[in-house]
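Notes follow once the structure below has been shown.
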Amino acid sequence: MIQFKDVGLVYPNGTVGLKNVNLTINDGEFVVIVGLSGAGKSTLIRSINRLVTPTSGELYVDNEDILKYRGKDLRKLRTKTGMIFQNYNLVKRSSVLKNVLAGRLGHTGTLRSIFNAYKKEDVALAYESLKRVNIADKIYNRADELSGGQQQRVSIARVLTQQPKYILADEPVASLDPPTSHQVMKYLKKINKEDNLTTIVNLHFIDMAMEYADRIVGMRAGEIVFDGPVSEVTEKTFEEIYGRSIREEDFRGGSEES
Amino acid sequence: MTNDKKTLTDQVPSIYPVKTKIQVTIIFFVVLAMYLTSMIWTQSQMAGGFTGALGNMFNVMKNFFPPNPEVISAVIGPMLETIQMAIIATTVAAILTVPLALLAARNVTTFKPLYYITRTFLNILRTIPDLVLAVIFVGLFGIGLFPGILALIIFSLGILAKLISETIESVDMDPMEAMRASGGNVFQTISYALIPQVLPQYVSLVLYVFEINIRASVVLGLVGAGGIGLILNQQLQFYNYPNAMMIIIIIFVVVIVIEYISTKIREALI
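So the protein lines, in turn, are chains A and B.
With this note's numbering as the guide, the letters of the first sequence map in order to residues 294 to 551.
With this note's numbering as the guide, the letters of the second sequence map in order to residues -7 to 262.
Quick look at the structure:
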């Protein structure tokens, strides 16, 4: 369970990232956070694994205030929260398998990982994760030889190999075309259901949010302006969240092909 | 329509801001003035030098020919010593470079004071000419290979660490963020996300410094730091010009061969 209590974040240059955020995310939920760019979605998600640190309030992950975490505690928290990025963030010159094994870093000793002396179970787990996202035939390819959609699937496999409790996806489909976007979202949804992993996804496409979310949280200017199950959400809700009328660019469109 | 066009051309802005134009003009004239002054200065120093040099050149060259092939067998040993000096010095410098380059890279060493201290230290290293280092170490340890190797290590460390830290600074930071987000510590982040990105450039730069070291170790021999330079210096002092010429030819061939090989390897890497 993740609980935000009056969380605020002001960046060193004075920009307000989060303002009085109160939010509880229960285990197993698939939450989509929507809002225009600059609304604080990224800041919110990155606070959970402390890639950014809120400047006020309390943030509980599994009933522990994580804002005071440093060093070892922090790495343990990050091991528990897997992250998926807009730009995949793979090491382009490394092989797919090595990229996926990087998900084990938090579980593996420094020397063991530097000399690639992974336990057999870890390699098996990495291979299994690649199979789950249907990309097991590419394990020895360099990451930059893959297409965008394939790279994002590799990054999903990396997160699976990490065996986290929470998945944080920061605009996972913003760099992809419509069919691959749907494919990636379907994998995230599938993993959420099969492994009961709490998943928090940042999106700005209305149709995708409506299609995949259980619950939608709307943000504007660092504040939460809507929070409710997807059944309560209409286009009117989005107009309120965005603070303007809905445009064509707010939709991803398309559907998964093959 | 024509009216529109006229107003358009009236408002065309210049391609560069006026401020930039003035700055560039001033810089141009300052550089030009520097060229002119240095030309006048050096010419007055060399007055009458050229005609004399040309006449001497023929006399000097006459003494050097024909090269004496008999010295080849005696010179092979010191030549190999020179190459070994370069190999050892480059290897040690390549190892010592790693921590220094990481500490001198702004994106890895976020702790500012440490970054500035390492940068300054490297800058100081690079300001000392290799010849001065060799003279100092020969004074400390006596004539031989060891002072030469030490001088080369410090000399190449300065270049390598600087170039590699700049390579590190230009690296894609996204994968490093991903490693941190998956719970990796500093060493894991560096070995997984950073090293794969800089490894080809690292190898290429080490080979490049190795080439420089071969040439530098010849010069260092002149001040007593061992290797072929030492022998060359002796022969020149005894006025054995044909022997010296042979040594120069051998050095020339070896340097060209090594440069060719290392260029081929570097081409294959990048």
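Ideal Cβ positions, reconstructed from N, Cα and C, are used throughout, including at glycine.
- Determine the direct distance from the alpha carbon of A143 (chain B) to that of G216 (chain B), and round the result to whole angstroms. 12 Å
- Message: Helix, strand or coil, according to DSSP, for T119 (chain B) in the structure here?
- Response: helix
- Query: Using a beta-carbon distance cut-off of less than 8 Å, what residues from the segment 156 to 174 of chain B approach chain A?
  - Reply: D164, D166, P167, E169, A170, M171, R172, A173, S174
- Query: Pairing CB atoms from the segment 500 to 508 of chain A with CB atoms from the segment 472 to 485 of chain A, are three or more of them under 8 Å?
  - Reply: yes
- Item | Top-ranked residue by Cα proximity to I449 (chain A), from A:L311, A:N392, A:E357 | A:N392
- Roughly how far, in whole angstroms, is the beta-carbon of E525 (chain A) from the beta-carbon of I539 (chain A), given that I think they are within contact range, below 8 Å? With 8 Å as the limit, E525 (chain A) and I539 (chain A) do not qualify as a contact, their Cβ atoms being about 17 Å apart.
- Query: Based on the DSSP output, what are the partners of V246 (chain B) in its beta bridges?
  - Reply: In DSSP, V246 (chain B) forms no bridge with anything.
- Item | Contact with chain A by Y184 (chain B), beta-carbon distance below 7 Å | yes
- Item | Contact check, L311 (chain A) vs G515 (chain A), beta carbons under 7 Å | yes
- How would you list, in chain order, the residues of chain B whose beta-carbon sits under 9 Å from the beta-carbon of N434 (chain A)? Correct list: empty, because the minimum Cβ distance to chain B is about 14 Å.
- Item | Beta-carbon proximity check, T374 (chain A) vs Y459 (chain A), cutoff 7 Å | yes
- Message: Between S440 (chain A) and chain B, is any beta-carbon pair separated by less than 7 Å?
- Response: no
- Identify, in the order they occur along the chain, each residue of the same chain with its Cβ nearer than 6 Å to the Cβ of R446 (chain A), setting aside the five sequence neighbours on each side. V426, I428
- Query: Among A:N356, A:E438, A:T403, A:K365, which residue has its Cα nearest to the Cα of S388 (chain A)?
  - Reply: A:E438
- S551 (chain A) by DSSP, collapsed to three states: which one? Because the pLDDT at S551 (chain A) is just 44, under 50, the model does not fix this residue reliably, and the point stays unresolved.
- If you follow the beta strand (DSSP E) that Y304 (chain A) is part of, which residue opens it and which one closes it? Taken as a continuous stretch (DSSP letters only), Y304 (chain A) belongs to no beta strand (DSSP E), as it is neither H nor E.
- Query: Going along chain A, which residues have a C-beta under 7 Å from P188 (chain B)?
  - Reply: V384, R386, S387
- Item | Straight-line gap, L390 (chain A) to Y433 (chain A) (C-alpha atoms, nearest Å) | 6 Å
- Query: Between which two residues does the alpha helix (DSSP H) harbouring F378 (chain A) extend?
  - Reply: Where F378 (chain A) is concerned, there is no enclosing alpha helix (DSSP H), given that its DSSP letter is neither H nor E.
- Item | Through-space distance from K482 (chain A) to L461 (chain A), alpha-carbon basis | 13 Å
- Query: Are the beta-carbon atoms of F378 (chain A) and D463 (chain A) separated by less than 7 Å?
  - Reply: yes
- Message: Give me, in chain order, the residues of the same chain whose beta-carbon lies closer than 7 Å to that of P264 (chain B); leave out the 5 immediate sequence neighbours on both sides.
- Response: In this structure chain B extends from -7 to 262, so residue 264 (chain B) is not present and cannot be described.
- Per-residue contacts from G396 (chain A) into chain B (C-beta, under 7 Å): S174
- Beta-carbon proximity check, V324 (chain A) vs I493 (chain A), cutoff 7 Å: yes
- DSSP beta-bridge partners for E357 (chain A)? A:V354
- Task: Measuring alpha carbon to alpha carbon, tell me which of B:S162, B:F138, B:G131, B:M171 ends up nearest R451 (chain A).
- Result: B:M171
- Item | Start and end residues, alpha helix (DSSP H) containing D166 (chain B) | 166 to 173
- Could you tell me whether the Cβ of I407 (chain A) comes closer than 7 Å to any Cβ of chain B? yes
- Message: Residues of chain A with CB closer than 7 Å to the CB of N177 (chain B), please, in chain order.
- Response: R368, T403
- 7 Å Cβ shell around I243 (chain B) - same chain, five flanking residues per side excluded: V210, I220
- Of the choices B:Y252, B:I250, B:Y233, B:I204, whose alpha-carbon is the least far from that of P58 (chain B)? B:Y233
- Item | Selection from A:K369, A:D358, A:T317, A:K298 that minimises the alpha carbon distance to P457 (chain A) | A:K369
- Per-residue DSSP class, three states only, for E322 (chain A): coil
- Which of helix, strand or coil does DSSP assign to Q456 (chain A)? coil
- Item | Alpha-carbon spacing of A234 (chain A) relative to K385 (chain A), whole angstroms | Nothing about residue 234 (chain A) can be reported from this structure: the residues present for chain A run from 294 to 551 only.
- Item | Within chain A, the residues that Q3 (chain B) reaches when beta carbons sit closer than 8 Å | Within 8 Å Cβ-Cβ: nothing; Q3 (chain B) doesn't reach chain A, min ~33 Å.
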